[in-house]
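Enquirer: For the sequence shown, counting from 1, position 179 maps to 248 in my numbering; every step adds exactly one.
The C-beta atom is built at its ideal place from N, Cα and C for all residues, glycine as well.
This structure is a prediction, so every number in the text was calculated from the model and none was measured.
Pasting a structure here, questions to come.
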Amino acid sequence: MKRLVLAVLLVVALSGAAFSTTVDYTTSIVFTSAGTGGTLSSGGTVDTISAGADSITLSLAGLGATQAVNYTGAPIGVNFGTITSTASPAIGFPPLTLSGINVTLTITQTAPASGTGAFTGQVSGTLSYNSGSGTLTFSPFTTVITAGGSIVDYEIDTLNIVVPSTGGGITTINGFIDSVSLTSTTPPPTTTTPPPTSTPPPGGAPEPGTMGLLGGSLLGLGFFLRRRFRK
70 MKRLVLAVLL
80 VVALSGAAFS
90 TTVDYTTSIV
100 FTSAGTGGTL
110 SSGGTVDTIS
120 AGADSITLSL
130 AGLGATQAVN
140 YTGAPIGVNF
150 GTITSTASPA
160 IGFPPLTLSG
170 INVTLTITQT
180 APASGTGAFT
190 GQVSGTLSYN
200 SGSGTLTFSP
210 FTTVITAGGS
220 IVDYEIDTLN
230 IVVPSTGGGI
240 TTINGFIDSV
250 SLTSTTPPPT
260 TTTPPPTSTP
270 PPGGAPEPGT
280 MGLLGGSLLG
290 LGFFLRRRFR
300 K
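Below is the structure:
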């Protein structure tokens, strides 16, 4: 009984540790609309929302360096970039309304296979130098990259935008790799059986001419011996 239990535990342990793969990706993120009172700059990565003398600036940054994630069969937390808020003046003022601000985040994946996926999101709420309730919400909140026999499912939940007076105003765009599926696309090898070949006897088969010459020699030798014995 004890041996049976140990065998079952071993099988479970081996099956649980059987799957592991690396997911490599980079990201880029831009504003696709500035929203009410907003002005885009820096190639669409900066949006400045103004109301009179007060303004909030939101800056987006993707991940230029490749992120290598070791996926082992369970959802794993990952980083997709940052959104940074700054305020002018850097003092308390009535929160500005964030409305109609849209963003697109693109994932460029290189492993387990090359492919791209994208999230579309919206910034909303209010924000001031030291207060506010701004959010970045992606809808849908998942995207799937299917390429080269692999399926990778990415997820980003709603983010609360950090106010400029806290932590440098930096909000990390965190999310998850929910699942990775790998399927083989390599066809099974085909084998061709050659036709059977006969193996010649050692030394090879004698040629017909050789056989005729040998027969003639033996016949001549027989006549010679017969005449000699008759004498």
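Output the distance between the C-alpha atoms of Thr108 and Leu127, rounded to the nearest integer angstrom.
Expert: Here residue 108 refers to the residue found at position 39 when the sequence shown is read from its first residue. Here residue 127 refers to the residue found at position 58 when the sequence shown is read from its first residue. Whole-angstrom Cα-Cα distance: 10 Å.
Enquirer: Would you say Ser154 and Ser193 are within 8 Å of each other, going by their C-beta atoms?
Expert: Against the sequence shown, residue 154 aligns to sequence position 85. Against the sequence shown, residue 193 aligns to sequence position 124. Their beta carbons are not under 8 Å apart, which means Ser154 does not touch Ser193 by this criterion.
Enquirer: Exposed or buried, what is Ser197 when buried is set at 16 or more other beta-carbons lying within 10 Å of its beta-carbon?
Expert: Here the question's residue 197 lines up with position 128 in the sequence shown. Buried.
Enquirer: For Ser89, count the other beta carbons within 10 Å of its own beta carbon; 16 or more makes it buried, fewer makes it exposed. Which is it?
Expert: Looking up residue 89 in the sequence shown gives position 20. Per the 10 Å Cβ criterion, exposed.
Enquirer: Could you give the uninterrupted runs of the beta strand (DSSP E) lying entirely in the region 208 to 252, keeping only those of 3 residues or more?
Expert: Fully enclosed beta strand (DSSP E) runs of 3 or longer: 211 to 216, 219 to 224, 239 to 251.
Enquirer: DSSP three-state call for Gly85: helix, strand or coil?
Expert: Sequence index remark: in the sequence shown, residue 85 carries index 16 (1-based). Because Gly85 carries a pLDDT of 46, less than 50, the predicted location of this residue cannot be relied on, and no value is offered for it.
Enquirer: Grab me the residues of Ile160's own chain with a C-beta within less than 7 Å of its C-beta, minus the 5 sequence neighbours each way, in chain order.
Expert: As a position in the sequence shown, residue 160 is number 91, starting the count at 1. Around Ile160: Tyr198.
Enquirer: Expressed to the nearest angstrom, what Euclidean distance is found between the alpha-carbon atoms of Val80 and Ser250?
Expert: What you label residue 80 is simply residue 11 of the sequence shown in a count that begins at 1. What you label residue 250 is simply residue 181 of the sequence shown in a count that begins at 1. Only weak support exists for where Val80 lies, its pLDDT of 42 falling under 50; the coordinates are left without a value.
Enquirer: With respect to the beta strand (DSSP E) encompassing Ala187, which residues constitute its N-terminal and C-terminal limits?
Expert: Looking up residue 187 in the sequence shown gives position 118. 184 to 196 is the span of the beta strand (DSSP E), which, as asked, contains Ala187.
Enquirer: Applying the 10 Å Cβ sphere with the 16-neighbour rule, what's the burial state of Gly106?
Expert: In the sequence shown, residue 106 corresponds to position 37, counting from 1. It is buried - the Cβ of Gly106 has at least 16 other Cβ atoms within 10 Å.
Enquirer: For Ser200, which three-state DSSP category applies?
Expert: By 1-based counting over the sequence shown, the position of residue 200 is 131. Looking at Ser200 - three-state DSSP - the assignment turns out to be coil, as it is neither helix nor strand.
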